[in-house]
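Residue numbers (the working numbering): 306 to 407. Even for Gly, the Cβ is constructed at its ideal location relative to N, Cα and C. Being a predicted model, the structure only gives us computed values, none of them experimental. One structure is given below, encoded as structure tokens.
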Amino acid sequence: MTTPFARRVLGIVGRIPPGRVATYGDVARAAGRPGAARAVGTIMRRAGAPGLPYHRVIAAGGRLGGYGGLPGLKAALLAAEGLVVRRGRVVRFAAHRWPRRA
DNA sequence: AGTTTGACAGCAC
DNA sequence: TGTGCTGCCAAAC
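Right under this line is the structure:
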């Protein structure tokens, strides 16, 4: 969060409501850098800012993406919010996606 | 200041 | 359906 971009990314992540998820691409777009999905991951990996729902940021297509090398924990956290994860994918992920698509 | 490194995405096998 | 390769971007070396 030392950079403006990182700060925006973290701010956006913090606004993802429980039970909803956003893709790295979604966050990148919301941060004003469409296509910077990979950079979003780079930031979150190192940010380490506590209190943010990093587990609600997943990869495209409902795939889990990474979580500090603990995909099991990420899946558990999502499950605890009512989401269904099967074979590493969030079921009906589009319906839980955030922000709402027009 | 240049190079390497990923918590990504999309398309081609 | 699943795996691999290439393109992209910001951050860390």
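Worksheet item: Do the stretch 380-397 and the stretch 352-368 touch if we need at least three Cβ pairs shorter than 8 angstroms?
Response: yes
Discussion item. Tell me the residue span of the alpha helix (DSSP H) that contains V318.
Written reply: As a first step, residue 318 is located in the first sequence; it is residue number 13 there, counting from the start. Per DSSP, V318 belongs to the alpha helix (DSSP H) from P309 to G319.
Worksheet item: How long is the line joining the alpha carbons of W403 and G316, rounded to whole angstroms?
Response: Taking the first sequence and counting its residues from 1, the one referred to as residue 403 is at position 98. Taking the first sequence and counting its residues from 1, the one referred to as residue 316 is at position 11. Cα to Cα, the separation comes out at about 14 angstroms.
Discussion item. For V396, which residues in the same chain have their Cβ closer than 8 angstroms to its Cβ, ignoring the five residues on either side in sequence?
Written reply: Here residue 396 refers to the residue found at position 91 of the first sequence. Excluding sequence neighbours, V396 sits near G367, L388, V389 and V390.
Worksheet item: Which whole-angstrom value is the C-beta distance of G330 and H401, which I expect to be below 8 angstroms?
Response: By one-based count along the first sequence, residue 330 stands at place 25. By one-based count along the first sequence, residue 401 stands at place 96. Contact doesn't hold; Cβ gap of about 16 angstroms is too wide.
Worksheet item: Between which two residues does the alpha helix (DSSP H) harbouring Y329 extend?
Response: Position 24 of the first sequence, counted from the first residue, corresponds to residue 329. Y329 -> alpha helix (DSSP H) spans Y329 to A335.
Discussion item. Let me check one thing: in DSSP terms, what residues is V389 bridge-paired to?
Written reply: Residue mapping note: residue 389 aligns to position 84 of the first sequence, counting from 1. DSSP output for V389 lists no bridge partner at all.
Worksheet item: Any idea which residues DSSP pairs R368 with across the strands?
Response: As a first step, residue 368 must be located in the first sequence, where it is residue number 63. R394, per the DSSP bridge assignment.
Worksheet item: Is it buried or exposed for G370, if we count other Cβ within 10 angstroms and need 16 for buried?
Response: Here residue 370 refers to the residue found at position 65 when the first sequence is read from its first residue. The residue in question, G370, is buried, as its Cβ has 16 or more Cβ neighbours within 10 Å.
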